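Trainee: Chains as they are written, first to last, in our numbering: chain A, 106 to 444; chain B, 106 to 444. Where a beta carbon is used, it is the ideal one built from N, C-alpha and C, also for glycine. Remember, it's a predicted structure, so these values are computed and weren't measured experimentally. My questions all concern the structure below.
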DNA sequence: TTGTATGCGTTATCAT
DNA sequence: ATGATAACGCATACAA
């Protein structure tokens with residue numbers, strides 16, 4: 106491995122001068138600067154990150170803690186994170202961990218000395234007890250219940266999205282609106298459920314417990330939940346699935362049961378994954394700016410990393426957008442996937 | 106930050122002893138061992154990775170280079186990688202890079218001193234010139250053209266998969282079988298195209314250039330390509346999309362054009378993403394063991410990292426599996442999503 | 001403008 | 001069984 110010493114020897118200068126040139130710190134003569142850069146390039150010298158971080162106390166790396174889930178949503182979030190991190194000269198150390206407190210804390214400790222901060226996506230994390238991690242470590246909590254202790258948080262406007270789409274269904278005349286929930290310990294799922302109830306009550310409708318089923322955020326769960334809902338008497342006229350995966354499973358179940366969508370049953374999802382518009386019928390849903398979510402989380406973290414972690418905690422929320430397609434029966438005029 | 110010195114002082118021993126205890130290297134008395142472990146736990150001491158890697162020349166970290174693409178495929182691959190890496194006590198440093206040679210080489214240099222090896226997924230990488238990276242760095246090339254120089258490679262059996270599904274269409278009586286390709290510079294796409302042609306020729310069918318369109322591996326591309334294919338005279342009776350995303354776009358286009366699937370047009374995809382079975386009709390496709398792909402890549406890399414990078418290059422291939430559902434008209438008896 | 005010397009946190013070598 | 005200390009590669013305060 107070629108070190109700074111090799112470059113120094115080859116260029117006939119001291120290591121200090123090489124360091125100065127490569128970091129732009131301190132004065133150097135034009136001539137030696139050029140020679141050193143030439144040698145460094147020729148030898149393909151790259152500073153050893155570990156050694157550098159030892160003395161600068163910076164790693165130029167951000168940790169990312171993901172829950173034990175998967176799907177298209179995550180690759181989009183990571184995309185937004187990596188783009189933003191790279192633009193600022195940072196790397197991403199990604200790790201999946203159990204979403205509970207212990208898993209998060211363990212993973213964070215394992216990252217000590219390797220990262221300058223952590224974005225932790227842990228929807229199952231309660232807001233109760235403080236997170237037991239090194240105090241100096243900047244942390245941004247993503248899609249988790251905002252908390253008082255030393256962590257910024259970035260969440261989706263789940264309630265707003267739920268209210269928008271359920272409100273839309275109500276305006277279309279539906280009164281028996283079922284919901285396929287995610288796990289209630291999941292923050293996003295709980296908030297979407299809350300928005301659903303709020304929207305119903307605002308319209309003078311009392312939420313019917315028999316119309317609330319759980320689908321675990323998976324296609325299979327949505328499929329099974331829809332079959333359950335078809336047995337409820339009187340049958341609901343609309344189904345709001347708390348994410349698109351479950352909505353797609355539900356569409357499949359309804360199709361196989363001979364229930365026409367949207368004529369006999371309106372269906373709506375949440376997330377607006379790319380495939381949503383290609384469903385039959387195209388899925389009405391709530392758009393979540395997934396890429397921006399990741400990008401913004403990294404921006405918030407970088408702010409903490411650079412300006413110290415001691416100032417006031419930030420709580421931000423990305424807003425959602427109602428996307429009306431045909432599955433809810435609104436009869437949007439356009440039928441092309443560009444809608 | 107609590108260092109090994111803090112632990113040593115608190116426990117009344119030297120740093121050397123602490124190091125021995127925590128690494129299980131060298132002899133220590135039962136008593137001091139316990140005391141040190143107790144102190145380390147109480148102080149929440151975690152060794153500084155950078156400092157450690159400086160002397161051990163190991164980082165316990167693997168680099169992952171991803172192409173500038175996204176979708177469900179990648180999160181599954183990462184899942185497999187992270188599971189395997191964690192099981193062996195390794196971290197994952199993930200970075201997206203341009204898929205061309207320069208992007209790969211730049212990204213690999215940026216990882217110097219931070220990783221013990223790299224899994225590079227760069228389907229656009231040609232097999233022509235050798236990769237200009239530090240010779241000692243173990244590299245596993247994923248989904249790229251296998252090459253002679255110092256890198257192991259792991260690929261999907263694209264040709265086998267294509268031959269299987271195209272052969273299936275042929276056995277169903279189709280002779281005019283169109284293909285929606287991916288970009289030809291993409292290794293997977295090129296291999297799937299090759300398998301398609303081989304299968305046709307094996308059945309005595311001459312591939313018709315007017316039946317080959319490109320869809321760029323996206324839903325929108327598949328949608329547009331299907332519309333093009335509907336204009337070809339005489340019209341094809343089957344469409345093989347080189348991935349499921351394009352197949353789903355094609356299904357949508359056919360539906361809106363009033364073309365019944367599979368009666369008037371058989372459709373098949375490639376990948377078997379989770380949503381494939383929830384399409385209408387459920388999508389026949391070729392299953393790619395995505396999770397296993399990531400897991401195996403990391404296993405191969407760890408082998409290089411541990412046994413040195415100098416022995417013979419390995420080339421492995423994961424096999425695919427034909428998944429017959431209803432979109433190709435085979436009329437599989439089962440209609441439930443469990444199929 | 002450049003060089004020397006020190007220390008970052010850890011492991012490894014050599015004493016004891 | 002344990003301690004003192006060198007070394008890893010680098011940045012930087014200080015000297016020249």
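1. Helix, strand or coil: how does DSSP classify residue 269 (chain B) here?
2. Closer than 7 Å, Cβ to Cβ, to anything on chain B: give me those residues from the segment 304-338 of chain A, in chain order.
3. Listed in chain order, which residues of the segment 203-220 of chain A have Cβ atoms closer than 9 Å to some Cβ of chain B?
4. Let me check one thing: in DSSP terms, what residues is residue 286 (chain A) bridge-paired to?
5. Using a Cβ cut-off of 8 Å, pull out every chain B residue sitting near residue 388 (chain A), in sequence order please.
6. Within 10 angstroms of its Cβ, does residue 177 (chain B) collect 16 or more other Cβ (buried), or is it exposed?
7. Just reading off the alpha helix (DSSP H) that residue 207 (chain A) is part of, what are its end residues?
8. Can you find the residues in the same chain that come closer than 7 Å, C-beta to C-beta, to residue 124 (chain A), ignoring five residues on each side of it along the sequence?
9. Below 6 Å CB to CB, which residues in the same chain sit around residue 287 (chain B) once its five sequence neighbours on both sides are set aside?
10. Can you tell me which of A:183, A:377, A:403 puts its alpha carbon nearest to the alpha carbon of residue 392 (chain A)?
11. Enumerate, from N- to C-terminal direction, the unbroken alpha helix (DSSP H) stretches of 4 or more residues contained entirely within the segment 376-429 of chain A.
12. Which of the three DSSP states is assigned to residue 343 (chain A) in this structure?
13. Below 8 Å, can you find three or more Cβ-Cβ pairs linking the segment 330-337 of chain B to the segment 266-274 of chain B?
14. Within 8 Å of any Cβ in chain A, is that where the Cβ of residue 153 (chain B) sits?
15. One question on the structure: do residue 199 (chain A) and residue 171 (chain A) come within less than 8 Å of each other, judged by their Cβ atoms?
16. Quick check on the DSSP output: the alpha helix (DSSP H) that includes residue 327 (chain A) runs from which residue to which?
17. Between which two residues does the alpha helix (DSSP H) harbouring residue 365 (chain A) extend?
18. Please go through the segment 129-167 of chain B and give each complete alpha helix (DSSP H) segment of 4 or more residues, from N-terminal end onward.
19. Are the segment 140-150 of chain B and the segment 302-319 of chain B touching by the rule of at least three beta carbon pairs closer than 8 Å?
20. If you compare alpha carbons, which of B:428, B:285, B:205 is closest to residue 318 (chain B)?
21. What does residue 225 (chain B) pair with, by DSSP beta-bridge criteria?
22. Less than 7 Å between C-beta atoms, sequence neighbours within five positions excluded: which residues of the same chain meet that for residue 412 (chain A)?
23. So which of A:427, A:432, A:421 has the shortest CA-CA distance to residue 252 (chain A)?
24. Return the chain-ordered list of same chain residues with a C-beta closer than 7 Å to the C-beta of residue 302 (chain A), the five sequence neighbours on each side being excluded.
25. Starting from the C-beta of residue 406 (chain A), find all residues in its chain whose C-beta is less than 7 Å away, skip the five residues before and the five after it, and write them out in chain order.
26. Go ahead and pull the three-state DSSP assignment for residue 257 (chain B).
27. Should residue 298 (chain B) and residue 320 (chain B) be called a contact, given that it needs their Cβ atoms to be closer than 8 Å?
28. Mind checking whether residue 370 (chain A) and residue 344 (chain A) have CB atoms under 8 Å apart?
29. Which bits of chain A does residue 404 (chain B) rub up against, with CB to CB less than 9 Å?
30. So residue 397 (chain A) contacts chain B; which residues on that side make the cut at Cβ distance below 7 Å?
31. Would a check of beta-carbon distances place residue 379 (chain A) closer than 8 Å to chain B?
32. Taking residue 181 (chain B) as the reference, which of B:433, B:401, B:156, B:383 has the closest Cα?
33. Can the beta-carbon of residue 396 (chain A) be found less than 8 Å from the beta-carbon of residue 255 (chain A)?
34. Could you give the DSSP three-state label for residue 120 (chain B): helix, strand or coil?
35. Taking only beta-carbon positions, decide if residue 353 (chain B) is within less than 8 Å of chain A.
36. Looking at the secondary structure, which residues open and close the alpha helix (DSSP H) in which residue 302 (chain A) lies?
Mentor: Judging by the given coordinates:
1. helix
2. 324, 325, 328
3. 214, 215, 216, 217, 218, 219
4. A:319
5. The contacting residues do not exist; residue 388 (chain A) stays about 11 Å from chain B at best.
6. buried
7. 206-215
8. 109
9. 294, 322, 347
10. A:377
11. 395-412
12. strand
13. no
14. yes
15. yes
16. 324-336
17. Counting along the chain, residue 365 (chain A) falls outside any alpha helix (DSSP H), and DSSP gives it neither H nor E.
18. 135-147, 154-161
19. no
20. B:285
21. B:170, B:246
22. none
23. A:421
24. 312
25. 167, 222, 224, 243, 245
26. strand
27. no
28. yes
29. Going along chain A, no residue has its Cβ under 9 Å from residue 404 (chain B), so there is no contact; the nearest lies around 17 Å.
30. Per Cβ cutoff of 7 Å: no residues; residue 397 (chain A) is ~14 Å from chain B at best.
31. yes
32. B:401
33. no
34. helix
35. yes
36. 292-307
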